[in-house]
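Just below is one structure, and these are the notes that go with it.
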Amino acid sequence: MTGMDKVFASAGEAIADVPDGATLAVGGFGMCGVPAVLVQALFEAGTTNLEVVSNNAGVDGWGLGILLAAGRLRRVVASYVGENKEFARQYLSGELEVELTPQGTLAERLRAGGSGIPAFFTATGVGTQVADGGLPWKYAADGTVAKSSPAKQKQTFDDHEYVLERAIVADFGLVRAWRGDRHGNLVFKDAARNFNPLAAMAGRVTVAEVEELVEPGELNPNDVHLPGAFVHRVVALTPEQAADKPIEKRTVRIAEEGA
Numbered sequence: 162m163t164g165m166d167k168v169f170a171s172a173g174e175a176i177a178d179v180p181d182g183a184t185l186a187v188g189g190f191g192m193c194g195v196p197a198v199l200v201q202a203l204f205e206a207g208t209t210n211l212e213v214v215s216n217n218a219g220v221d222g223w224g225l226g227i228l229l230a231a232g233r234l235r236r237v238v239a240s241y242v243g244e245n246k247e248f249a250r251q252y253l254s255g256e257l258e259v260e261l262t263p264q265g266t267l268a269e270r271l272r273a274g275g276s277g278i279p280a281f282f283t284a285t286g287v288g289t290q291v292a293d294g295g296l297p298w299k300y301a302a303d304g305t306v307a308k309s310s311p312a313k314q315k316q317t318f319d320d321h322e323y324v325l326e327r328a329i330v331a332d333f334g335l336v337r338a339w340r341g342d343r344h345g346n347l348v349f350k351d352a353a354r355n356f357n358p359l360a361a362m363a364g365r366v367t368v369a370e371v372e373e374l375v376e377p378g379e380l381n382p383n384d385v386h387l388p389g390a391f392v393h394r395v396v397a398l399t400p401e402q403a404a405d406k407p408i409e410k411r412t413v414r415i416a417e418e419g420a
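The sequence shown: position 98 = 259 (the numbering used here), numbered continuously.
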């Protein structure tokens, strides 16, 4: 990597300075748009005691689920935690701290962090434990609640009550893009756009794995979803890595006779 060229030779090199105990904002939704190669590199590096901010914590045996199964995650901030039996086991047994956050609120907390906005008011969660506190963040080994969410500041605007939510700024952002250039400008494809631009914005240092690396000037500026100002490191995937896109739930039907 030289000058404006942000390309690293490998995922391992790009995440080599992620320390134990770091906070990571990770893109993806379910199994779509997940920076699986960077996550695998973290696993191979042995990085541990991580706090992850992501829509979900992967699935058993893939994505963030690999770090989870290895006991590398200490805390997860997410909006959906289904499809992962090991996640549920660790949470309920007191091995993992979990901050559940409404999905839109999580997205805005990441965007705000990347935009320099420290906090914002939202109507989402008013009248629930999201605002009033008491959500179990961590259980004790005996099943009792060891740590609960605190009550949040509320304020009335135009006769409607709102709750204050803090922005999220992570030590590192890990994202996956369809196309990217050497300056870090990124284009996401279809549903894989999901939380990726927001996770990239929220990272103090953001690493992007790209399925297709192009030279500066090849991307139409009107097509760029995230400017390179938010991206510090780029890793070009091999064709095999780019094609590795598991399906979360495969549904088929028996073909009708004569069809």
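Glycine residues also receive a C-beta, built at the ideal position from the N, C-alpha and C atoms.
When the alpha-carbon of Ile176 is set against those of Lys299, Thr317 and Val336, the nearest one is in Val336. A direct Cα-to-Cα measurement between Tyr241 and Tyr252 gives close to 13 Å. The shortest CA-to-CA distance from Glu401 to any of Val371, Ala206 and Thr285 is the one to Val371. Counting only the Cα atoms, His393 lies some 15 Å from Pro196. Residue environment for Ala186: buried (at least 16 other C-beta atoms within 10 angstroms of its C-beta).
Under DSSP, Gly364 forms a beta bridge with Ala331. Counted as a single uninterrupted DSSP element, the beta strand (DSSP E) harbouring Gln316 occupies residues Lys315 to Phe318. For Val366, the closest alpha carbon among the candidates Gly341, Lys246 and Gly334 is that of Gly334. Beta-bridge partners of Val371 (DSSP): Ala338 and Ala397. For Thr285, the three-state secondary structure derived from DSSP is coil. Counting C-beta atoms within 10 angstroms of its own C-beta, Gly232 has fewer than 16 neighbours from the protein chains shown and is therefore classed as exposed. For Arg235, the enclosing beta strand (DSSP E) has its first and last residue at Leu234 to Ala239.
Gly189 sits close to Phe356, with the two beta carbons spaced by under 9 Å.
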